[in-house]
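Only one structure is covered here, and it is reproduced in the block below.
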Amino acid sequence: MSDSANTRPAHAGADPDDPVLAPHERRLEDLLHASTSIVERLDLEEVLRRIVEAGMRLVEARYGALGVIGPDGGLERFIHVGADRHAVAQIDHPPEGLGVLGAVIADGSPIRLRHLHDDARSVGFPAHHPAMDSFLGVPVRVGTEVYGTLYLTDSARGVFTSEDEGLIVALAATAGIAIENARLYDVARTRELWNATIADVMAAMLDITGDDVLDVIAERVAALIDAELVAVAVPHGEDELRLAAVHGSVAPSLNGRVYPAAGTLAARALTERQAVSISGQPAATMFPWQPGIGPTVAIPLIAGDEPYGVLTVSRGADGAGFSAADHA
Numbered sequence: 047m048s049d050s051a052n053t054r055p056a057h058a059g060a061d062p063d064d065p066v067l068a069p070h071e072r073r074l075e076d077l078l079h080a081s082t083s084i085v086e087r088l089d090l091e092e093v094l095r096r097i098v099e100a101g102m103r104l105v106e107a108r109y110g111a112l113g114v115i116g117p118d119g120g121l122e123r124f125i126h127v128g129a130d131r132h133a134v135a136q137i138d139h140p141p142e143g144l145g146v147l148g149a150v151i152a153d154g155s156p157i158r159l160r161h162l163h164d165d166a167r168s169v170g171f172p173a174h175h176p177a178m179d180s181f182l183g184v185p186v187r188v189g190t191e192v193y194g195t196l197y198l199t200d201s202a203r204g205v206f207t208s209e210d211e212g213l214i215v216a217l218a219a220t221a222g223i224a225i226e227n228a229r230l231y232d233v234a235r236t237r238e239l240w241n242a243t244i245a246d247v248m249a250a251m252l253d254i255t256g257d258d259v260l261d262v263i264a265e266r267v268a269a270l271i272d273a274e275l276v277a278v279a280v281p282h283g284e285d286e287l288r289l290a291a292v293h294g295s296v297a298p299s300l301n302g303r304v305y306p307a308a309g310t311l312a313a314r315a316l317t318e319r320q321a322v323s324i325s326g327q328p329a330a331t332m333f334p335w336q337p338g339i340g341p342t343v344a345i346p347l348i349a350g351d352e353p354y355g356v357l358t359v360s361r362g363a364d365g366a367g368f369s370a371a372d373h374a
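Residue numbers for the sequence shown follow our numbering, so the first one is 47 and each next one is one higher.
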């Protein structure tokens, strides 16, 4: 978790000349302000964090988080606010979507608890996790898809009320719209960058040939996408692949390596003739010299009707997974 967010009620410090509103009217006004703060942004990372911060302000929660659900049904990402950096550094690993967190995902409906640890499902908290008491979890949907879950803990009033739950459910509906808008914007922006990169590569190909072209591809893609390792593998003999171009900190030790194709992500991409991905792979999983990688996507490079190689793009072990925009 990052440094504590300002969780004072959104109406604190309001203009003293404003008309006095009843408590429920004031809370609806707070909901409107919170929703506006979310939908006015298009950067997905900022939108996700603002959802958490808005939820915390709205119900006066000490801690807040948004878990993004991955393809396997667990938490792919965990955006959290409230604990200081020192506390975060003591935590062994981020939550994995077990216990109560997993129950919100599985049920697809809100869960509100007076005392978190009194619930039998309260398991899976990593060592050194900050102590938490009251709990409110609400799914965030994008269209019909459950995109993630907004978690809020430690109400300043001791417990979360049914009114708190209703406000967060309403906020989650707005959050779904904001996330979808940000995703569409991200897809459009990424596609524009890809088109510019492809044009750059095509222009370079007029002057260079052979593996130099693959070097250009790897270099341009590395500049476009936040990646730790970019490589182009080409067929070598009947059942092997050769790393013809590598861009990244470990490139010198990998460039030119030949390895068996069987079981590799690159081989899958060649066989299926479409982009395939994995969430990560420890070092030496396939070969003794293989570096550890995080989220990785492999894309077949097609020339005419025949694939002539595979572009693989890997992020660090703690890197974000590849979005639909990256695959577009």
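Each residue gets a CB set at the ideal place from its N, CA and C atoms; glycine is no exception. As the structure is a computational prediction, the values presented were derived from the model and not from experiment.
CA-CA distance, residue 184 to residue 233, rounds to 27 Å. Residue environment: residue 222 is assigned as buried (16 or more neighbouring CB atoms within 10 Å of its CB, all protein chains considered).
Residue 359 is classed as buried because its beta carbon has at least 16 other beta carbons within 10 Å across all chains shown. Where residue 101 is concerned, the enclosing alpha helix (DSSP H) starts and stops at 90-105. Look at residue 148 here: in three-state DSSP terms it is helix.
For the pair residue 261 and residue 238, the Cα-to-Cα distance works out to about 22 Å. Looking only at 284, 315, 268, 83, the smallest Cα-Cα distance to residue 295 is reached by 268. In this structure residue 196 is in contact with residue 98, their Cβ atoms being roughly 7 Å apart against a cut-off of 8 Å. Using a Cβ distance threshold of 9 Å, residue 123 and residue 366 count as a contacting pair. For residue 317, the enclosing alpha helix (DSSP H) stretches over residues 311-318. Residue 291 is bridged by DSSP to 278.
For residue 333, the closest C-alpha among the options 211, 361, 303, 315 is that of 303. The beta carbon of residue 285 is closer than 7 Å to those of 306, 307, 308 in its chain, skipping five residues each way along the sequence. C-alpha of residue 228 to C-alpha of residue 102: approximately 21 Å in a straight line. Across the set 315, 200, 287, 275, the C-alpha of 275 shows the shortest separation from the C-alpha of residue 298. A direct Cα-to-Cα measurement between residue 78 and residue 84 gives close to 10 Å. Per DSSP, the unbroken beta strand (DSSP E) holding residue 201 starts and ends at 191-201. Sixteen is the threshold: when 16 or more other Cβ atoms of the shown chains lie within 10 Å of the Cβ of residue 210, as they do, the residue is buried.
Restricting attention to 351, 213, 205, the CA atom closest to the CA of residue 74 is found in 213.
Taking the C-beta atoms as reference points, residue 199 is found nearer than 9 Å to residue 179.
Here residue 158 has 182, 206, 211 as same chain residues with Cβ atoms under 6 Å from its own Cβ, once five neighbours each way along the sequence are excluded. In this structure, the alpha-carbon of residue 312 lies about 11 Å from that of residue 324. Between residue 225 and residue 188, the CB-CB gap stays under 9 Å. For the pair residue 368 and residue 331, the Cα-to-Cα distance works out to about 21 Å. When secondary structure is reduced to three states using DSSP, residue 365 falls in the coil class, being assigned neither helix nor strand.
Look at residue 218 here: in three-state DSSP terms it is helix. A Cβ-Cβ separation of about 6 Å places residue 125 in contact with residue 95 under the 8 Å criterion.
For the 9 Å CB-CB criterion, residue 348 and residue 314 do not form a contact.
Between the alpha carbons of residue 110 and residue 245 lies a gap of roughly 43 Å. CA-CA distance, residue 342 to residue 361, rounds to 6 Å.
As computed with DSSP, residue 187 is found in a beta bridge with 192.
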